[in-house]
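The structure appears right after this line, and notes come after that.
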Amino acid sequence: MERAIELAGFFAAHGIWCVAEGEPLTPMLAQESAAYGRNMLRFAADQLEEGVAQAQDYLDQNPGQAERAAMVYDGFITLPSGRTDALIIVVRSYAKPSATTLTMAVPYRNAQSPDGFAVHRPKFMGWQGPGTADYKVLGDAFFRGVESHEAAAPVWAQHNDDSI
């Protein structure tokens, strides 16, 4: 699962890079396998919900026989401070005998805000798989992925706000 979380970190950073200028994020699905390497698919649709549903279906079906995948889309979460923009990330390891899924969110302050763009601390929202999640190990793996994105990591670091 650590490699899947690193993949998710890389593509979450890519998503933050995209929304940092105020542009909407087209739902994307990153996948990786030893046989085919790493790639990303975008799911553009007239309605965001359609694109998210198409990406979710692709994640569930795994037609490319990926070993791991991460779906990233723009959404909202509710925090104590209220409804907040967030990248929602669904991370999947297809390892046998049972797949593992982790759902995360990376809250951010929209670039159109009077206070400008900010990216907040990731939130772990759900674990489906054997055993219990070691969120310290998974968090470290996620940030290794973030830091491996040469163009997006500096944007994340420049706009980091851990207050939320």
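Start counting the sequence shown at -6; every next residue gets the next number (the working numbering). Yeah, the Cβ is synthetic: ideal placement off N, Cα and C, and Gly gets one too.
Residues of its chain near residue i, where Cβ-Cβ distance is below 7 Å and the 5 sequence neighbours each way are ignored
i    : result
A79  : G68, F69, I70, A98, V99, P100, Y101
S141 : F3
A38  : G44, Q47
R114 : D155, I157
S26  : Q58, A59, E60
Host alpha helix (DSSP H) of residue i (start-end)
i     : result
I(-2) : -5 to 12
R137  : 128 to 140
Q49   : 41 to 54
A23   : Element bounds for A23: not the alpha helix (DSSP H) but the beta strand (DSSP E), 21 to 26.
A79   : That residue, A79, is in no alpha helix (DSSP H); its beta strand (DSSP E) goes 75 to 86.
A150  : 145 to 151
8 Å contact criterion, which residue i and residue j should meet: CB distance rounded
i   : j    : result
I9  : W120 : At roughly 23 Å, the Cβ-Cβ gap does not stay under 8 Å, so I9 and W120 are not in contact.
L22 : L52  : 6 Å
A63 : I81  : About 11 Å separates the two Cβ atoms, so there is no contact after all.
Straight-line gap, residue i to residue j (C-alpha atoms, nearest Å)
i    : j    : result
G57  : P107 : 43 Å
L95  : L41  : 22 Å
G30  : Q24  : 8 Å
F117 : D154 : 17 Å
A28  : A13  : 33 Å
H152 : G109 : 9 Å
Q105 : P90  : 45 Å
T222 : A5   : Because residue 222 is not part of the residues shown, which for the chain are -6 to 157, the question remains open.
C11  : A88  : 30 Å
Own chain partners of residue i with C-beta closer than 6 Å, once the 5 adjacent residues on each side are dropped
i     : result
A(-3) : R61, V84, S86
L34   : L22
First through last residue of the beta strand (DSSP E) which encompasses residue i
i    : result
Q58  : First-last for Q58: undefined, no H or E at that position.
Q121 : 116 to 121
N32  : 30 to 35
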